[in-house]
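Following: one structure in structure tokens, then a few remarks.
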Amino acid sequence: MATLGTGSAGTGFSFGKVGPGVTSQPHRHDEIEAFVVLSGAGKVRTDLGEISVKAGDVVLFHPFEAHVLINDGDEDLNFVDVYWRDGKAALDAATQTPTPREPIFIFSTPPTPNGDLHLGHLSGPYFGADVYTRFLRMKGAEAYHLTGSDDYQSYVARRADADQATPAKVARHYSDEIRATLALLDCEVHSFLPTFGDDAYAEFQAACFRDLLSSTAVDLRERPALFDALSGDYLYEPDVSGLCPDCGGSAGGNICEECGAPNLCHDLGAARSRHSAEAPVVGYVRRAELALDRCYANIDRHLRSSGAPFRIMDLFARLRQRGGFSLPITHPSAWGLPAQGLPGQVIWVWPEMAFSFLYNIQALARSLGRDWNAARPSNDWQIVHFFGFDNSFYHALLYPALYCEVFSHWTPRIRYHVNEFYLLDGQKFSTSRGHAVWGKDVLDPKTVDVVRLHLALTRPEGQRTNFTLDALRRTGNEIFQGIWLNWLAALHRDIQRDFGGRVPDAGDWASADRAFFAQIDTHRAAMERAYSDEGFSLRRAAAQACDFVRDCLIYHQAQDYAAARRLYPARTRTSLALQATAAAILAQTLAPLMPRFASTLARGIGVSTEKWPASVRRLPPGTIFDIGPLLGFYAKSDSPILNDQRAYEPPES
């Protein structure tokens, strides 16, 4: 594109050309921009979809709206680009929280059924996907949370060996345990897909694998592989460990959890076999391999259009620096889906997972009576993935490459939300070492929302964070009981005593009251931003909720003077009316984060948590305000998390 100049009002002009069969790089920026098509024809793809354009057409792009020009004709597509900066429009676009296009499929990465879920698991993909889905549904979007059990993982076979059981038995058992733990977390899943024993699933995966084998990016090659020196066993994933060829840190077979880079096992430094103390040996095996370097242009285009986190962009940049990189997509194993044409080998479980997401959409469709087809993914689908950073290579780099090879007609629209490791007492949670706090150890109806609040406050989003049981108890006793329930109990007591359990009408407004009323809407907007795709952060949402409730308690205490209440009742009415409104907004804005607590609070005030509040409106005078059942429920808790009954006094009956 050649820049022609800048107008006196700050308007820029340039001339652009997209050749036949060429797609421009996707980008987004803060300027308003317009394309004027001079000649040729093609398509323009934006966040809102795809349209055809021809000579004489003008297309306008708002700030931060991703856009791509596609020339699918046989002559140059020439256009004039006009752009200008509007500060207010850019700020408005940056602060709005648009709902993604529908339908929206939110995936939490399928857990490996080789053990139950601990808080390290729960704090990341499953909690995040649940909150995000709940928020979108409150906004009126057609959104679904999907996950399942990754039954054919090699780690399942390893657990079966340790338990002297079959991999199938292990997968079935822990799949059920995982579902039960998700339910204890109040994690709503609309489609849970076990992959073992589903014949239609196996047939779909076989068809995808056949298409991969016919791809120009996949070859059958005899290449180096790692073997145990004594048994001759093929080594990959949990069978081998060593030093990462990318960062030099400790790594497992095929992936480095520290830097996220893939490895080929035989390129690990100081490799060690799980099967014997002897150093592994390098041999050769014929496998199906994906030449990932042939897919780099498609991966790059996808990452740009998806707005992937910069750490994933860095992972891709580091991978490209390694030059040609071919990745085996089959492995010799007795556990997994058979790889057609390669006896004794199975489809590697990570490529399998890529296509399992599409199959899960189809499984959901059957339950809903919809026509979504895994073999014909639609450009209308919006997919959102929640996963830990150690899975970034698979989700954000490998899967888009595989989709491009198998579904040439499909342009996936995928967004990524990534969490870091959650530590336990300063060390990684570990199922194998038993270094874990299991979900079932701390979750019950009376503790679930305190656990969710604490996980949100300490969630490892941009950096690793640490969990301790003492900190969880402090959240329960000092924050939830000591501040939240103290304020709600005092508010309940005052409305019951002075107004018979009904919200009063406001009277005289002081400046502090007006400021508090504005603060309620500031809280509502901040929570909406923290739940939205662009600003998603459960840590910000939880911190905002805690700050808001603390301010509500401070506001209440500033009005709690008996003589003034008697002499100036109009001021008291205003204070209690505003606090009742604040409690209602708290319930509605907490519904995605703490659904059980929020719905119980909302019932006591007579408001709904089904829809997101678009604005703040005072509760109608006379509204029944009775949150005694909620306060009594938590006052009688015998949980080790909520066991400090000195934190607040329950209301008198």
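Residue numbering for the sequence shown follows the working numbering, starting at 522 and increasing by one per position.
Each residue gets a CB set at the ideal place from its N, CA and C atoms; glycine is no exception.
Asked: Pairs of beta-carbons, one from the stretch 789-800 and one from the stretch 827-846, closer than 8 Å: are there three or more?; Found: no
Asked: For the putative contact between asparagine 599 and glycine 561, defined by C-beta atoms under 8 Å, what is the C-beta separation to the nearest angstrom?; Found: 6 Å
Asked: On the CB-based measure, 16 or more other CB atoms within 10 Å of its CB, does arginine 973 come out buried or exposed?; Found: buried
Asked: Using DSSP's beta-bridge definition, name the partner residues of aspartate 1054.; Found: Aspartate 1054 pairs with nothing; no bridge assigned.
Asked: Go through its chain and collect everything with a Cβ distance to histidine 787's Cβ below 7 Å, but skip five positions before and after it.; Found: Pro745, Ala746, Leu747 and Val803
Asked: Since alanine 875 contacts glutamine 883 with CB under 8 Å, what's their CB separation in whole angstroms?; Found: Rounded, the Cβ-Cβ distance is 14 Å, inconsistent with contact.
Asked: Cutting at 7 Å between CB atoms, please list the residues of its own chain near glutamate 552, excluding the five before and the five after it.; Found: Pro584, Tyr604, Trp605 and Arg606
Asked: Please specify which runs of the beta strand (DSSP E), each continuous and at least 3 residues long, are wholly inside the stretch 834-908, giving them in chain order.; Found: 847-849, 851-853 and 866-868
Asked: Do you know offhand how far threonine 979's Cα is from threonine 986's?; Found: 6 Å
Asked: CB aspartate 602 to CB alanine 587, shorter than 8 Å?; Found: no
Asked: Do three or more CB pairs link the stretch 661-678 to the stretch 696-712 at distances below 8 Å?; Found: yes
Asked: Quick check: what's the CA-CA separation for aspartate 1054 versus arginine 807?; Found: 43 Å
Asked: Give every residue of the same chain whose Cβ lies closer than 6 Å to the Cβ of valine 558, excluding the five residues on either side of it in the sequence, and list them in chain order.; Found: Val574, Ala576, Asp578 and Phe600
Asked: Which runs of the beta strand (DSSP E) spanning at least 3 residues fall entirely within the stretch 914-961, listed in chain order?; Found: 934-940 and 943-945
Asked: By alpha-carbon positions, which one of Gln726, Gln948, Asp965 and Tyr757 ends up nearest to phenylalanine 1154?; Found: Asp965
Asked: What separation, rounded to the nearest whole angstrom, lies between the Cα atoms of glycine 790 and isoleucine 776?; Found: 13 Å
Asked: Is the Cβ-Cβ distance between glycine 1125 and proline 1142 less than 8 Å?; Found: no
Asked: Got a sec? Which residues, its chain only, sit under 7 Å from alanine 1103 by beta carbon, not counting five neighbours each side?; Found: Ile1041 and Cys1073
Asked: So, at 6 Å on beta carbons, what are the nonlocal neighbours of tyrosine 937 in its own chain, with the 5 sequence-adjacent residues on each side left out?; Found: Ala829, His906 and Ala917
Asked: With respect to the alpha helix (DSSP H) encompassing leucine 1009, which residues constitute its N-terminal and C-terminal limits?; Found: 1007-1020
Asked: With distances taken between CB atoms, is the gap from alanine 782 to phenylalanine 914 smaller than 8 Å?; Found: yes
Asked: If you draw a straight line from the C-alpha of lysine 538 to the C-alpha of aspartate 597, how long is it?; Found: 7 Å
Asked: Going by the beta-carbon positions, is the gap between glycine 774 and proline 759 smaller than 8 Å?; Found: yes
Asked: With C-beta atoms as the reference, is tryptophan 902 less than 8 Å away from arginine 934?; Found: yes
Asked: Could you tell me which residues DSSP pairs with aspartate 814 in its beta bridges?; Found: Bridge partners of aspartate 814: none, in fact.
Asked: Anyone know if the C-beta pair for arginine 655 and proline 1116 falls short of 8 Å?; Found: yes
Asked: Using the Cβ count rule (16 or more neighbours within 10 Å means buried), how would you classify arginine 731?; Found: exposed
Asked: Please give me, in chain order, every unbroken run of the beta strand (DSSP E) with length at least 3 that falls completely inside the stretch 604-678.; Found: 625-629 and 664-670
Asked: Spell out whether any CB of chain C is found under 8 Å from the CB atom of glutamate 999.; Found: Reference to chain C is not applicable here, since this structure consists of a single protein chain.
Asked: Beta-carbon separation of valine 867 and serine 854 under 8 Å?; Found: yes
Asked: Note down, in chain order, each residue of its chain lying with its Cβ closer than 8 Å to the Cβ of threonine 544, except the 5 sequence neighbours on either side.; Found: Val589, Leu590, Ile591, Asn592 and Arg822
Asked: Give the DSSP-derived three-state secondary structure of tyrosine 1155 in the structure shown.; Found: helix
Asked: Three-state secondary structure (DSSP) at arginine 1138?; Found: coil
Asked: Between which two residues does the beta strand (DSSP E) holding aspartate 740 run?; Found: 739-748
Asked: What do you reckon, are the CB atoms on alanine 860 and alanine 809 nearer than 8 Å?; Found: yes
Asked: Please list the terminal residues of the continuous alpha helix (DSSP H) segment that includes isoleucine 699.; Found: 688-705
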